[in-house]
Amino acid sequence: MKPASPQPGSSRTRPWTKLLLILGVTLALGLLLEGAATLWLGPSFVRGRYLGNNWKAVGRLDRALGWANRPGATGHIHDGNIDYRVRINREGFRDPERSLVKPAGSKRIVVLGDSVTWGWGVDNGERYTDLLEARLGPGVEVINLAVPGYGTDQHYWNLERNGWSYEPDLVLYCVVMNDLFEAQTTEQYGMLKPRFVLED
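Residues are numbered in the numbering used here as their position in the sequence shown, beginning at 1, plus a constant of 5.
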């Protein structure tokens, strides 16, 4: 008995059929995940516009840094399933009121970062910097100087303009991949911003 011979052209169509099936499933899965993320995180977050109208309640334009938190602002941010309250201190940071003068015998950690460190999606007191300060106990202040949407250039200038004033013993920088790309532009989220320029 002789094995059946393949149909003409079937060896060529089979790989293309598999490839099209894989691409179709990948596309469908991507659309499903995007839809789920939009429902869970909110449309503004997913579309990269998280510095939209919600943030404007507690933010302001800044001539040197592009934008900043608005000193003394309070606001309620609601975007999709994200719902939380924000309070900005008199120095312009989402942090408890603190003296610029370091208390005698204490240690200070200044933390720089973007929306992750700022605490996008959580109430004051629930950010990782709040939990770190509670864990380290009395005598250690963890000062959160984060601003949503900042790139590495803005973090650097934020440290120069504000961070050193707190006399930190340690500076932590929470870098997120998009921070590196944001440092290459002079406009972000529809607002002008500074950027690094390499000079000889």
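All C-beta atoms, glycine included, are put in the ideal place defined by N, C-alpha and C.
Item                                                                                                                                : Value
Give me the residue from A33, L37, E187, T122 with the minimum Cα distance to Q3.                                                   : In this structure the chain extends from 6 to 205, so residue 3 is not present and cannot be described.
Classify Y55 as buried or exposed, calling it buried when 16 or more other Cβ atoms lie within 10 Å of its own Cβ.                  : The predicted model places Y55 with a pLDDT of 48, which falls under 50 and marks its position as unreliable; any figure quoted below should be read in that light. Looking at its Cβ environment, which holds 16 or more other Cβ atoms inside 10 Å, Y55 is buried.
Three Cβ pairs or more, each shorter than 8 Å: is that satisfied between the region 140-148 and the region 178-187?                 : no
Below 9 Å between beta carbons: does that hold for L117 and L70?                                                                    : no
From what residue to what residue does the alpha helix (DSSP H) around E122 run?                                                    : Position check: residue 122 holds Thr in this sequence, whereas Glu was assumed. Unbroken alpha helix (DSSP H) run through T122: 120-123.
For H160, list the residues DSSP reports as bridge partners.                                                                        : Looking at the DSSP assignment, H160 forms no beta bridge with any residue, so it has no partner.
In whole angstroms, what is the alpha-carbon distance linking G80 and D67?                                                          : 19 Å
Quick one: what does DSSP say I93 is sitting in, helix, strand or coil?                                                             : coil
Cα separation between Q189 and E204?                                                                                                : 15 Å
Please state the DSSP three-state secondary structure of V30.                                                                       : helix
Within 10 Å of its beta-carbon, does E138 have 16 or more other beta-carbons around it, so buried, or fewer, so exposed?            : buried
What's the gap between the Cα of V115 and the Cα of E102?                                                                           : 14 Å
Below 6 Å CB to CB, which residues in the same chain sit around E131 once its five sequence neighbours on both sides are set aside? : none
Taking just the CA atoms, how far does R99 sit from T134?                                                                           : 11 Å
So which of G156, V152, V63 has the shortest CA-CA distance to T122?                                                                : V152
Using only alpha-carbon positions, find the residue among R95, V127, L175, G154 that is nearest to M196.                            : G154
Assuming E172 contacts K107 under a Cβ cut-off of 8 Å, what Cβ separation, rounded to an integer in Å, is found between them?       : 4 Å
Give me the Cβ distance between T157 and D184, rounded to the nearest whole Å; I'm assuming they're in contact under 8 Å.           : 5 Å
Measuring alpha carbon to alpha carbon, tell me which residue in L37, K112, R200, V202 is nearest L175.                             : K112
Out of curiosity, what's the CA-to-CA distance linking A78 and S170?                                                                : 21 Å
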